[in-house]
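**Student:** In our numbering, the protein residues as written are 415 to 534.
Right, dumping it as structure tokens:
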């Protein structure tokens, strides 16, 4: 194991689960999941446990800029496809709110173009 760490220039540190503040990466992950969870729960925040599974799924499928892919794609080597039920709900919401797919596509392309200009 030590040879592998040296070969790939990895600085290995041990952090305990009892003190996550010493592990910056775990702290950032927890903060991101907390933000997602806050957006999903009600005003009184009593139903957070009901949304934990969806929060984890969202976090794992969220695009990570440093990785240039989602955690799911990193683990499984392919993008995660939405379940049929969820895709149907997304389409239903778009129809309910009278979203025009063409306008949405143009807005997304504009966002991507602006993001690429910002990165370069």
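For glycine and all other residues, C-beta sits at the position ideal for the given N, C-alpha and C.
1) In this structure, does DSSP put residue 478 in helix, strand or coil?
2) Taking Cβ positions, are residue 477 and residue 468 nearer each other than 8 Å?
3) Considering only the beta carbon of each residue, do residue 462 and residue 451 sit closer than 8 Å?
4) What number of angstroms, rounded off, separates the C-alpha of residue 459 from the C-alpha of residue 466?
5) If you draw a straight line from the C-alpha of residue 524 to the C-alpha of residue 533, how long is it?
6) Excluding sequence positions up to five away, which residues of its chain have a Cβ less than 8 Å from the Cβ of residue 455?
**Tutor:** Working from what's here:
1) Here the question's residue 478 lines up with position 64 in the chain shown. Reduced to three states, the DSSP call for residue 478 is strand.
2) Counting from 1 along the chain shown, the entry for residue 477 is found at position 63. Counting from 1 along the chain shown, the entry for residue 468 is found at position 54. No, the Cβ-Cβ distance between residue 477 and residue 468 is not below 8 Å.
3) Taking the first residue of the chain shown as 1, we reach residue 462 at position 48. Taking the first residue of the chain shown as 1, we reach residue 451 at position 37. Yes, the Cβ-Cβ distance between residue 462 and residue 451 is below 8 Å.
4) Residue 459 sits at position 45 when you count from the first residue of the chain shown. Residue 466 sits at position 52 when you count from the first residue of the chain shown. Spanning the two alpha carbons is a distance of roughly 12 Å.
5) Against the chain shown, residue 524 aligns to sequence position 110. Against the chain shown, residue 533 aligns to sequence position 119. So the two alpha carbons sit approximately 14 Å from each other.
6) Indexing the chain shown from 1 puts residue 455 at position 41. Taken in chain order, the residues that qualify are 461, 462 and 465.
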